[in-house]
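Count along the sequence shown from 1, then add 96; that gives the number in this note's numbering.
Here a beta-carbon is modelled for each residue, glycine too, at the ideal position from N, C-alpha and C.
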Amino acid sequence: MMAQLIKNGSLTVDTWNSLEIGEGESPETLALPEGDLLFPLTVWLARKNEIIARYPRIGLLLQPADRVEEIAADLHYFQVIAVNFPKFVDGRGYSTAALLRQRYQFAGELRAVGDVLHDQLFFMRRVGFDAYALKDGKSVEAALASAFGTFSQPYQGATDQPQPAFRRNA
């Protein structure tokens with residue numbers, strides 16, 4: 097069964113699979129299966145030309161310590177960039193999303209994965225995420241019903257609304 101995904105405010109089926117480097121494997125020796133794959137940054141950097149030649153649709157999986165600057169020139173290759181939140185308290189993915197959207201104008205799907213809880217979704221959308229794979233066991237339906245309406249009018253400017261409230265209301 098495919099994982100459920102919230103994308104652009106509605107429930108959808110996730111067809112992308114994360115490629116994982118197993119014990120004893122390296123980015124250079126990892127077997128590359130068919131299908132829509134989210135490649136770890138290390139695999140992308142080691143085998144970029146092979147991946148581009150072989151896959152019509154390419155996804156990237158970024159970890160908190162990965163630097164967006166390393167892939168800035170490659171962003172046009174990716175249909176999806178997934179940003180992993182390994183722990184609820186690790187907020188580095190918010191900065192990654194803001195950089196991708198604001199500085200590098202990434203226009204593809206930007207997905208939050210990992211320890212993603214429904215009370216984070218409003219804030220994730222503000223920095224540029226448009227797809228969310230909730231942590232296992234969390235209700236996608238409950239998230240859709242309440243997560244995106246946390247605040248009716250955010251005060252600060254952000255990726256989703258660059259102008260702060262005082263400028264919008266002037």
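- [ ] Enumerate in chain order the residues of its own chain whose CB-to-CB distance from I117 is below 8 Å, with the five nearest sequence positions on each side excluded.
- [x] In the sequence shown, the residue the question calls residue 117 occupies position 21. Closer than 8 Å at Cβ, skipping near neighbours: P123, L126, P136, T138 and V139.
Open item on the list: To the nearest angstrom, how far is the alpha carbon of E119 from that of L128?
Closed with: Indexing the sequence shown from 1 puts residue 119 at position 23. Indexing the sequence shown from 1 puts residue 128 at position 32. Each residue's alpha carbon lies about 15 Å from the other.
Task: Start-to-end residues for the alpha helix (DSSP H) that takes in V80 - done: No information on residue 80 is available, as it lies outside the stretch 97 to 266 that the chain covers here.
Task: Reduced DSSP secondary structure (H/G/I, E/B, other) of A203 - done: Mapped onto the sequence shown, residue 203 falls at position 107. Correct three-state label for A203: coil.
Task: Boundaries of the alpha helix (DSSP H) in which F219 is found, first to last residue - done: Indexing the sequence shown from 1 puts residue 219 at position 123. Per DSSP, F219 belongs to the alpha helix (DSSP H) from L217 to V223.
Open item on the list: Using a Cβ-Cβ distance cut-off of 7 Å, determine whether Q175 contacts chain D.
Closed with: Among the chains in the structure shown there is no chain D, since it carries only a single protein chain.
- [ ] In the DSSP assignment, find the unbroken beta strand (DSSP E) run with L230 in it and report its ends.
- [x] Translated into positions along the sequence shown, residue 230 becomes position 134. Looking at the DSSP string, L230 is not in any beta strand (DSSP E), and its letter there is neither H nor E.
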